[in-house]
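Below is one structure, written out as structure tokens; the observations come after it.
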Amino acid sequence: MSDDQTALERLLALVPPPTDPLFALGSWEELFTDLGTGLPSDYVALIDAYGSSDFSDWLGVGDPRRDGHGSSKDAGAREMGDQYRFFRSRWPEDNPFAAWPEPGGFLSWGNTNDGDHLGWLTVGEPDRWPVALWPRHHGHRVVELTVTEFLVGWFTGELVGEELPDLTPLTCAPWGCGCGGDCMRQGGR
14 MSDDQTALER LLALVPPPTD PLFALGSWEE LFTDLGTGLP SDYVALIDAY GSSDFSDWLG
74 VGDPRRDGHG SSKDAGAREM GDQYRFFRSR WPEDNPFAAW PEPGGFLSWG NTNDGDHLGW
134 LTVGEPDRWP VALWPRHHGH RVVELTVTEF LVGWFTGELV GEELPDLTPL TCAPWGCGCG
194 GDCMRQGGR
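Note that the sequence shown covers residues 14 to 202 in the numbering used here.
This is the structure we're talking about:
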């Protein structure tokens, strides 16, 4: 691949999006208002290309906008922040991150079948947020990459770690709440 390809273009070449992706019903602007912040532009482009997706039956990356059940990232992010704060209060040495919506707090953008959470540390401008890993069985890790750069690195084996299993063969399927996609909009935007 050429060096002038964007990380999203590399990802699209590695693993195409679902042929019938699932997109949430809400708008990005509505979500940004609810969260009180924007999100990294590469992540927005990823979701606009893939929708809510399950990569290789292992990694779920959901569309964070409001769905047909009225749920959005804002409520889930606050819930996860509360959960992380609980773990941090019990085991501070194992849970070093601040939790959303604390300044610089961990804000999740994906999770694995093994209970690992992937997110950002929300420090500074959204396009500069580093990827952060909150793995179930391994130590926390911060990677100074965008979401799409991180996914390309993981999926190509350029980025390694015990918490990043080999996902070949790479696949991508729509990923929803289990209601058959009725809470989401199917197909292109």
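Using N, Cα and C, we set each Cβ at its ideal position, and we do this for glycine too. Remember, it's a predicted structure, so these values are computed and weren't measured experimentally.
Listed in chain order, the non-local C-beta contacts of arginine 98 below 6 Å within the same chain comprise Ala112, local neighbours out to five positions each way being set aside. Bridge pairing for proline 187: Ser66 [DSSP]. Annotation: the continuous beta strand (DSSP E) that includes tryptophan 133 extends over 130–134. If one requires a minimum length of 3 residues, the beta strand (DSSP E) runs lying completely within the stretch 87–166 are 119–125, 130–134, 144–147 and 154–156, in chain order.
In the structure shown, valine 57 falls within a helical segment according to DSSP collapsed to helix, strand and coil. Between the beta-carbon of leucine 146 and that of leucine 131 there is about 6 Å, and that keeps the pair under the 8 Å contact cut. Bounds of the alpha helix (DSSP H) holding leucine 48 are 41–48.
Of all alpha-carbon atoms in His153, Arg79, Thr46 and Leu52, the one lying nearest the alpha-carbon of proline 105 is that of His153.
With respect to leucine 21, threonine 161 sits close: the two C-beta atoms are nearer than 7 Å. Bridge pairing for valine 74: Ser66 [DSSP].
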